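Reading through the structure tokens given below for one structure.
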Amino acid sequence: MENIVIIGSGCAGLTAAIYAARAGLSPLVFEGRQPGGQLTTTTEVENFPGFPEGINGPELIMRMRKQAEKFGARFEYATIEGFEHRGVSSRVLVDGAWRETRALIIAGGASPRYLGLPGEKALIGRGLTSCATCDGAFYRDVPVGVVGGGDSACEEAIFLTRFASKVFLIHRRDALRASRIMAERALGHPKIEPVWDSVITSYLTNENGEVRGVALRNTKTDAAREVALQCVFVAIGHDPNTGPFRGALETNPDGYLIQKSGTTTNLAGVFAAGDVADHVYRQAVTAAGQGCAAAIEAERWLTAQG
Ligand code: NAP
0 MENIVIIGSG
10 CAGLTAAIYA
20 ARAGLSPLVF
30 EGRQPGGQLT
40 TTTEVENFPG
50 FPEGINGPEL
60 IMRMRKQAEK
70 FGARFEYATI
80 EGFEHRGVSS
90 RVLVDGAWRE
100 TRALIIAGGA
110 SPRYLGLPGE
120 KALIGRGLTS
130 CATCDGAFYR
140 DVPVGVVGGG
150 DSACEEAIFL
160 TRFASKVFLI
170 HRRDALRASR
180 IMAERALGHP
190 KIEPVWDSVI
200 TSYLTNENGE
210 VRGVALRNTK
220 TDAAREVALQ
230 CVFVAIGHDP
240 NTGPFRGALE
250 TNPDGYLIQK
260 SGTTTNLAGV
270 FAAGDVADHV
280 YRQAVTAAGQ
290 GCAAAIEAER
300 WLTAQG
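If you count by numbering that gives the first Met the number 0, then the sequence shown holds residues 0 to 305, one letter each, in order.
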């Protein structure tokens with residue numbers, strides 16, 4: 000029986016681990032499919048307090064993990080496949096075996112969304128991706144496209160200008176959702192060409208089954224157009240990783256876990272922190288804040304249980 004199990008190793012999970020470990024609870028962290036979470040796929044983080052010069056996303060995560068380990072957090076590279084609540088404890092299915100814990104902090108984050116077009120899944124890694132920092136360097140001196148109009152899309156587009164000859168920023172409206180500073184940087188870049196009011200209707204592929212372009216439809220005029228490019232970077236938001244908890248834990252219609260008060264959920268001893276529950280702020284620092292809150296609430300709950 001564990002005291003605290005933490006699911007997820009992004010900003011929320013690692014901050015929960017730092018607090019729980021420092022409280023002497025020796026938390027066990029299941030790292031999930033993408034250890035380190037979304038920050039590992041970003042470049043420079045400019046808005047995390049305490050780093051006026053900015054800090055590289057993977058480095059920030061590595062530092063948090065080191066800090067958690069220093070206080071005695073334990074890590075297992077595993078993903079949760081099932082969940083059961085048993086009144087005053089929970090159990091999670093990991094690699095076919097049930098593991099039991101008194102308190103459970105769910106900080107499994109969210110995964111990138113794709114467009115849902117036919118044949119899309121087969122193209123991932125063949126000219127379709129959601130991670131510019133992972134795949135951008137493969138597309139040197141060729142045109143690429145980014146889909147979306149938020150901060151992520153702008154950040155990816157700006158990053159890709161290091162490699163690509165041109166970056167088409169394909170957005171379904173005629174105004175970006177991104178913060179002003181990011182929007183100005185993207186739109187002011189000579190290599191970035193916005194493609195307004197446009198949605199991708201299909202991916203065009205070459206004889207090797209790799210992306211060679213996209214077919215677009217103008218949302219205002221319905222006009223069709225094709226753009227030649229060698230990779231599409233999709234940056235249209237995320238879906239929460241709540242699969243194993245559906246049915247047992249309350250979620251909103253989009254699948255985000257519902258926090259009752261602070262980070263508590265509808266089940267005793269089960270807490271939710273970060274992007275798995277937060278569909279509003281979704282920042283590294285708010286995820287870290289929620290991870291901290293969840294660890295404190297879990298510790299108090301354990302104390303109350305004696
Ligand atoms: P987001 O803000 O939700 O933006 C998603 C974008 O994708 C929107 O422009 C949306 O269009 C578009 N979109 C959604 N579904 C689509 C579809 N099916 N087809 C075409 N376009 C679609 O997501 P995000 O950019 O990933 O940002 C998430 C959060 O992280 C935000 O709070 C953001 O501020 C934060 N973030 C911050 C930074 C930074 O500060 N440096 C960097 C990255 C992310 P509409 O605009 O028409 O809805």
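We put the beta carbon where it would ideally sit given N, CA and C, even for glycine. All figures in this text were calculated on a predicted structure; none of them were measured in a lab.
Compare the C-alpha of residue i against each of the options and name the closest.
i	options	result
G242	E119, A177 and A109	A109
Y113	T200, W195, G49 and F270	T200
N2	N207, S260, T204 and R73	R73
E80	C130, F244 and T128	F244
D196	V213, H170, V210 and E206	H170
A16	A67, Y280 and A182	A67
A293	T302, G273 and T262	T262
P142	K120, F167 and N205	F167
K219	V194, V226 and L203	V194
I180	N205, L203, K165 and G149	G149
G212	D221, K69 and V145	V145
E249	F270, I235, F162 and P111	F270
Who are the near neighbours of residue i in its chain, counting only those whose CB is closer than 6 angstroms to its CB and skipping five residues on each side?
i	result
C291	T14 and Y18
R224	L215
L92	E80 and G81
E99	M0, S88 and R90
R176	G148 and G149
Starting from residue i and walking both ways along the alpha helix (DSSP H), at which residues does that stretch end?
i	result
G56	G56 to K69
E75	It is not in any alpha helix (DSSP H) - E75 instead sits in the beta strand (DSSP E) that spans R73 to E75.
V284	A283 to Q304
I157	D150 to L159
A310	Here the chain covers residues 0 to 305 and nothing more, so residue 310 does not appear.
Report the rounded CA-to-CA distance for residue i versus residue j, giving the unit in angstroms.
i	j	result
A156	W300	45 angstroms
I191	L27	44 angstroms
K65	S260	30 angstroms
V231	A152	11 angstroms
A297	G71	17 angstroms
T78	G12	13 angstroms
G107	P239	8 angstroms
G187	L228	21 angstroms
L29	I5	Correcting the residue identity first, residue 29 is Phe in this sequence and not Leu. If I take the Cα positions, the gap works out to 6 angstroms.
A20	R62	15 angstroms
A174	I123	28 angstroms
G53	L127	29 angstroms
P189	R85	58 angstroms
Y76	I104	16 angstroms
L203	T302	59 angstroms
G208	G31	30 angstroms
R139	A185	19 angstroms
N205	R125	10 angstroms
A96	G115	33 angstroms
V210	R172	24 angstroms
V198	D253	22 angstroms
Y280	K120	29 angstroms
D134	H237	18 angstroms
E154	C130	11 angstroms
K165	N46	27 angstroms
Cutting at 8 angstroms between CB atoms, please list the residues of its own chain near residue i, excluding the five before and the five after it.
i	result
V87	R101, A267, G268 and Q304
P48	V284
D277	Y255, T285, A286 and Q289
A247	F82, E83, H84 and L266
L38	G9, C10, V44, G56, P57, L59, I60 and A283
Which residues mark the beginning and the end of the beta strand (DSSP E) in which residue i is found?
i	result
L24	Where L24 is concerned, there is no enclosing beta strand (DSSP E), given that its DSSP letter is neither H nor E.
L203	S197 to T204
V210	V210 to N217
D238	H237 to P239
I257	Premise fails: I257 is in no beta strand (DSSP E) and is neither H nor E.
F232	V231 to V233
R306	Outside the shown range of the chain, which is 0 to 305, sits residue 306, and nothing can be said about it.
E80	I79 to H84
A390	Nothing in the structure corresponds to residue 390, since the chain is present only between 0 and 305.
A109	A109 to P111
Just list the residues that DSSP pairs residue i with in beta bridges.
i	result
I104	I5 and F270
I123	L127
K165	P142
T264	None, per the DSSP bridge assignment.
V194	I169
T250	L256
Could you name the residues of the same chain whose beta carbon sits closer than 7 angstroms to that of residue i, not counting the 5 residues immediately before and after it, in chain order?
i	result
G35	S8, G9, P57 and I60
T132	T40, T41, T42 and F158
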